[in-house]
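Student: Residue numbers (this note's numbering), protein chains in the order written: chain X, 2 to 238; chain D, 111 to 187.
Cβ atoms here follow ideal geometry from the backbone N, Cα and C, with glycine treated the same way.
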Amino acid sequence: MTGASSGIGQGCALMAAQMGAKVIVCGRNEERLKETISQLPGEGHSTFVGELTDQSIIEKLVAETPSLDGVVFSAGISMTAPFTFSTREKFDKVFDVNFFSPIEILRLLVKKKKLVNGASVVFISSVGGNFGFSVGNGIYGASKAALNSMSRLCSLELAPKKIRVNSVCPGMVVTPLVEGFSENITQEAIQKDMDFYPLKRYGKPEDIAGGVVYLLSDAASWVTGQAICIDGGITAY
Amino acid sequence: MKSLDEFVVLFAEQLDETDPSSVTAQTKFRELDEWSSLLALSLISMIDEEFDVALKGDDVKNSETIEDVYNIVVSKI
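Below you can see the structure in the form of structure tokens.
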């Protein structure tokens, strides 16, 4: 579970542990990871601290990882910039975290045979980029669209190993990441946006974790190559 | 550090429909016909690029004139 020290990743770690999983929580902040672990029911959880955009850290993570039944890629960053301010530098910063890091971790996990037959891979993506578009979110959306694209591709290439690969596409979920978006807009605009959701609220990490745990579980054993929107109905319009 | 006059020019460059020569430090920018959430984001991005200052949406909302925005930028440098 990457990005497990806050937000959706933390919510996923909690729900997976409640369902009996032994979780390896990965993130940059040791203190927050330990806090996450302390909230998890059950035994046998562990932490991995490191900057997962760094190739040597990725290799270390994969080398230290035991056989896995499931992987959840939840680490991500946000970026707001209108198109004319969308420089290569900003694209690189977002793509390094949101796209290249999870794809490289998965590539090495598969190559080093760390995923068991029947394993489930879940990418935390977004409705932005494939299902919904809002001005100023081009870089973030493109990184998530790229992730959805590779997720689907991997579902085909890993199917012979019986590894399932799906992405979950949340609408706005109240997390530290979304606070990054909302710094650029007013409270009034946030309220208006929230009212636009058919279910009249933003999501909570557990709303997303429910879908993720489903995809990890055998209940989803015939589900692969999907991008599942969990979004309070926003993409139903 | 760029002057207020230079800031007004940078601001006017973000606009599409408003005559740049009509834009002054005292322009109430949120009353411009073409003002939009995209322009607010462009303003924030321009300030980040030119001044290395991170403005918040509420900083823009609580400003009346272009000079008000400039003063917030100056206070955050």
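Secondary structure at residue 124 of chain X, three-state DSSP: helix, strand or coil?
Tutor: The residue given as residue 124 of chain X occupies position 123 in the first sequence. If DSSP states are grouped into helix, strand and coil, residue 124 of chain X belongs with the strands.
Student: Roughly how many angstroms lie between the CA atoms of residue 153 of chain X and residue 178 of chain X, to the nearest whole one?
Tutor: Indexing the first sequence from 1 puts residue 153 of chain X at position 152. Indexing the first sequence from 1 puts residue 178 of chain X at position 177. If I take the Cα positions, the gap works out to 25 Å.
Student: Is there a Cβ of chain X sitting closer than 8 Å to that of residue 154 of chain D, yes or no?
Tutor: Along the second sequence, one-based indexing puts residue 154 of chain D at 44. By this cut-off, residue 154 of chain D is an interface position.
Student: Alpha carbon to alpha carbon, how far is residue 119 of chain X from residue 22 of chain X? Give it in angstroms, no decimals.
Tutor: Taking the first sequence and counting its residues from 1, one reaches residue 22 of chain X at position 21. Taking the first sequence and counting its residues from 1, one reaches residue 119 of chain X at position 118. Going by the C-alpha atoms only, they are around 15 Å apart.
Student: Does the distance from the C-beta atom of residue 2 of chain X to that of residue 13 of chain X stay below 8 Å?
Tutor: In the first sequence, the residue the question calls residue 2 of chain X occupies position 1. In the first sequence, the residue the question calls residue 13 of chain X occupies position 12. Cβ atoms of residue 2 of chain X and residue 13 of chain X: closer than 8 Å.
Student: In three-state DSSP terms, what is residue 219 of chain X?
Tutor: In the first sequence, the residue the question calls residue 219 of chain X occupies position 218. Of the three classes helix, strand and coil, the one that applies to residue 219 of chain X here is helix, per DSSP.
Student: For the putative contact between residue 243 of chain X and residue 70 of chain X, defined by C-beta atoms under 8 Å, what is the C-beta separation to the nearest angstrom?
Tutor: Examination of residue 243 of chain X is not possible in this model, given that chain X is present from 2 through 238 alone.
Student: Taking 8 Å as the threshold (beta carbon to beta carbon), is residue 188 of chain X in contact with chain D?
Tutor: Position 187 of the first sequence holds residue 188 of chain X. Yes, its Cβ sits closer than 8 Å to a Cβ of chain D.
Student: Step through the CB atoms of chain D and report whether any lies within less than 8 Å of the CB of residue 86 of chain X.
Tutor: Position 85 of the first sequence holds residue 86 of chain X. True, the Cβ-Cβ gap to chain D drops below 8 Å.
Student: Evaluate contact between the segment 162-169 of chain D and the segment 183-192 of chain X, counting only Cβ atoms and requiring at least three cross-stretch pairs below 8 Å.
Tutor: Counting Cβ pairs under 8 Å, three or more are found: they touch.
Student: Throw me the rounded Cβ distance for the residue 128 of chain D and residue 142 of chain D pair, which I believe falls under 8 Å.
Tutor: Translated into positions along the second sequence, residue 128 of chain D becomes position 18. Translated into positions along the second sequence, residue 142 of chain D becomes position 32. With a Cβ gap of about 6 Å, residue 128 of chain D and residue 142 of chain D count as contacting.
Student: Tell me where the beta strand (DSSP E) around residue 165 of chain X begins and ends.
Tutor: Along the first sequence, read from residue 1 onward, the residue named residue 165 of chain X stands at position 164. Residues 165-171.
Student: Please classify residue 140 of chain X: does DSSP put it in a helix, a strand, or coil?
Tutor: For the purposes of this step, residue 140 of chain X is identified with residue 139 of the first sequence, where counting begins at 1. Of the three classes helix, strand and coil, the one that applies to residue 140 of chain X here is helix, per DSSP.
Student: Three or more C-beta pairs closer than 8 Å, one from the segment 77-88 of chain X and one from the segment 36-45 of chain X: is that the case here?
Tutor: As far as the Cβ criterion goes, the segment 77-88 of chain X does not touch the segment 36-45 of chain X, which means the pair count is below three.
Student: Does DSSP classify residue 175 of chain X as helix, strand or coil?
Tutor: Position 174 of the first sequence holds residue 175 of chain X. Coil.
Student: How many whole angstroms separate the CB atoms of residue 199 of chain X and residue 9 of chain X, which I take to be in contact at a CB cut-off of 8 Å?
Tutor: Within the first sequence, numbered from 1, the residue matching residue 199 of chain X stands at position 198. Within the first sequence, numbered from 1, the residue matching residue 9 of chain X stands at position 8. With 8 Å as the limit, residue 199 of chain X and residue 9 of chain X do not qualify as a contact, their Cβ atoms being about 21 Å apart.
Student: Spell out a yes or no on whether the segment 117-125 of chain D and the segment 133-142 of chain D are touching, meaning 3 or more CB-CB pairs, one atom from each, closer than 8 Å.
Tutor: Touching, yes, given that three or more Cβ pairs across the two stretches are closer than 8 Å.
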